[in-house]
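Adding 7 to a residue's 1-based position in the sequence shown gives its number in our numbering.
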Amino acid sequence: MLYQLSYRGFPAEYDAAGHRARGKAAARRQEQVEVDLPGWTEELVVRLTGRYEADVTATAAMDSMRFLTP
Numbered sequence: 008m009l010y011q012l013s014y015r016g017f018p019a020e021y022d023a024a025g026h027r028a029r030g031k032a033a034a035r036r037q038e039q040v041e042v043d044l045p046g047w048t049e050e051l052v053v054r055l056t057g058r059y060e061a062d063v064t065a066t067a068a069m070d071s072m073r074f075l076t077p
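Set out below in structure tokens:
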């Protein structure tokens with residue numbers, strides 16, 4: 008909402024230009040972080056990851072959802 012308010016009254020091309028600039032400035036990176044979680048095994052992490060990926064796939068397939076991907 009703040010973004011929309013900041014462009015109120017400006018021509019549409021300002022909004023499009025701002026969107027392009029943000030896309031160029033956004034850093035695309037992945038970080039891998041080691042976290043010590045007592046009781047969490049590699050098997051548990053693999054199972055939870057599988058469930059998460061299945062949920063994401065199911066959510067993306069819903070007609071009522073607009074699923075954004077990088």
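Just so it is clear, CB atoms sit at the ideal spot from N, CA and C, and this is done for glycine as well.
The structure displayed is predicted, hence computed values, not measured ones.
Ala-61, buried or exposed, once every other Cβ within 10 Å from all chains shown has been counted against 16: Exposed: under 16 other Cβ atoms inside 10 Å.
For Thr-64 and Glu-38, what's the separation of their Cα atoms in angstroms? Put simply, the backbone Cα of Thr-64 is about 23 Å away from that of Glu-38.
Is Glu-49 helix, strand or coil when you go by DSSP? Three-state result, Glu-49: helix.
Val-40 (DSSP reduced to helix, strand or coil): Correct three-state label for Val-40: coil.
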